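In the working numbering, the protein residues as written are 3 to 390. Have a look at the structure below, then the notes.
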Ligand code: RUB
Ligand code: MG
């Protein structure tokens, strides 16, 4: 049985709403039809419990085509959200254990990423190149170079930058990797560049293969716009590159009374093989649900089905002053990612990256950033810029 848990508010008794959901998502419809009793025996979903707005439904394993994420979602997260009489209906958890064996999980996880970087004893620090669109490949590479010179572990494209005319993907990738190699020669440290290969259909495989040929060391995919299957296809193809998974559009699913909560998205992402996944900040510019961040963090990192553990990416309005709150929540196995909070530093991108590392060092030493800023200039400037 695959157990799905929902938060439900309804115009009718909860038990009745739960039965309507179980029927709609398995063998029933709004009225009785021929053969229903016969098929219900084997494939009918059953309400396990319906109490205090929480509904648990067991789906027989046989109802799922095992290795088909869209198919699985149409069962546990299909028509039910549109049922009349429901005022809230949110998929908050799914126990995928009975079908998890059909998935490979990440080819590259936390250990592999740390090994590549040679960084074991601290969180990773990264950035999103800003402005998010508009820079040409040369300018993008220059910003990446400044960021890498600050010692960053990861630089990524923003979600709206794909392969537009003003910044063609291949030219951008070549230009950025060239600068990153130069920085590596200079400071002796590697840095990932997560080039955004998000696109529809088979083209994503072509882009990934081309990126690999051109020397990429990481790819980025927006999993909700491209689909879970896009990431799974890349994993199954054994492209040989770690996958940074961004979640643009998630608010349409995760916010409010109807939809799918982030932990379910985190489980699916680990099943299909992401290396990193954005799951939110304990302090930052985006809306948050702390319980869901805690649970999503554990889903990515804890032992599960023999899958390699993944890095949570903590991003959205981050700057040095928010480092402590986020590291208190995440511990060291996290990627702290700041866009504006690095490039908006009054002394520029390299100084912005340094200020982030200084905030990390202060946290590791258990010293307040105000105190640490006394003899760390970049951090001092960041505090002057953005306040305490
Ligand atoms: C952040 C950014 C990311 C957001 C997405 O830029 O570009 O797309 O983190 O949010 P900045 P989430 O650091 O300038 O705010 O990580 O919650 O999905
Ligand atoms: Mg972004």
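Cβ atoms here follow ideal geometry from the backbone N, Cα and C, with glycine treated the same way. The structure presented is a predicted model; accordingly, all values stated were derived computationally and were not measured.
Quick check on residue 221: buried or exposed, where buried means 16 or more other Cβ atoms within 10 Å of its Cβ? Residue 221 counts as buried, since no fewer than 16 other beta carbons sit within 10 angstroms of its beta carbon.
Beta carbon of residue 129: closer than 8 angstroms to some heavy atom of ligand 3? This structure lacks ligand 3; its bound ligands are ligand 1 and ligand 2.
Pull the bridge partners of residue 133 from the DSSP assignment, please. Answer is none; residue 133 lacks a bridge partner.
Test item: CB-CB of residue 182 and residue 147 under 9 angstroms: Against a cut-off of 9 angstroms, the Cβ pair of residue 147 and residue 182 comes out as a contact.
Give me the DSSP bridge partner(s) of residue 61. Paired residue(s): 4.
Apart from the five residues on each side of it in sequence, which residues of its chain come closer than 8 angstroms, Cβ to Cβ, to residue 269? Correct list, in chain order: 96, 98, 301.
Looking only at its chain, what residues have a beta carbon closer than 6 angstroms to the beta carbon of residue 46, apart from the 5 residues adjacent to it on each side? The beta carbon of residue 46 lies closer than 6 angstroms to those of 28, 29 in the same chain, with the five residues before and after it left out.
Pull the bridge partners of residue 128 from the DSSP assignment, please. Within the DSSP bridge table, the entry for residue 128 names 156, 339 as partners.
DSSP beta-bridge partners of residue 93: Paired residues: 8, 262.
Would you identify the three-state DSSP class for residue 79, choosing helix, strand or coil? In this structure, DSSP gives residue 79 a state outside helix and strand, which the three-state scheme calls coil.
Give the DSSP bridge partners of residue 51, in chain order. Partner(s): 58.
From which residue to which residue does the alpha helix (DSSP H) around residue 185 run? Run containing residue 185: 171 to 189, per the alpha helix (DSSP H) assignment.
Same chain only: Cβ atoms within 7 angstroms of residue 340, ignoring 5 sequence neighbours per side: Cβ contact annotation for residue 340 (same chain, cutoff 7 angstroms, sequence separation greater than five): 129, 320, 321, 358, in chain order.
Reference residue 290, options 66, 248, 317, 272, closest by Cα: Looking at the Cα atoms, 317 is the closest of the given residues.
Quick one: what does DSSP say residue 28 is sitting in, helix, strand or coil? Taken through DSSP and simplified to helix, strand or coil, residue 28 comes out as coil.
At a threshold of 8 angstroms, does residue 357 count as lining ligand 1 (C-beta to nearest heavy atom)? Not so, every heavy atom of ligand 1 lies at least 8 angstroms from the Cβ.
Between residue 252 and residue 279, how many whole angstroms is the CB-CB distance? I'm expecting something under 8 angstroms. Not confirmed; about 10 angstroms, so no contact.
Any idea which residues DSSP pairs residue 231 with across the strands? Bridge partners of residue 231: none, in fact.
Between the C-alpha atoms of residue 154 and residue 7, what's the straight-line distance to the nearest angstrom? Going by C-alpha positions, residue 154 is about 40 angstroms away from residue 7.
If you measure from the CB of residue 154, is any heavy atom of ligand 1 nearer than 8 angstroms? No, ligand 1 has no heavy atom inside 8 angstroms of this Cβ.
Quick one: is the Cβ of residue 227 within less than 8 angstroms of any heavy atom of ligand 2? Proximity of the beta carbon of residue 227 to ligand 2 is not indicated: no heavy atom of the ligand is located closer than 8 angstroms.
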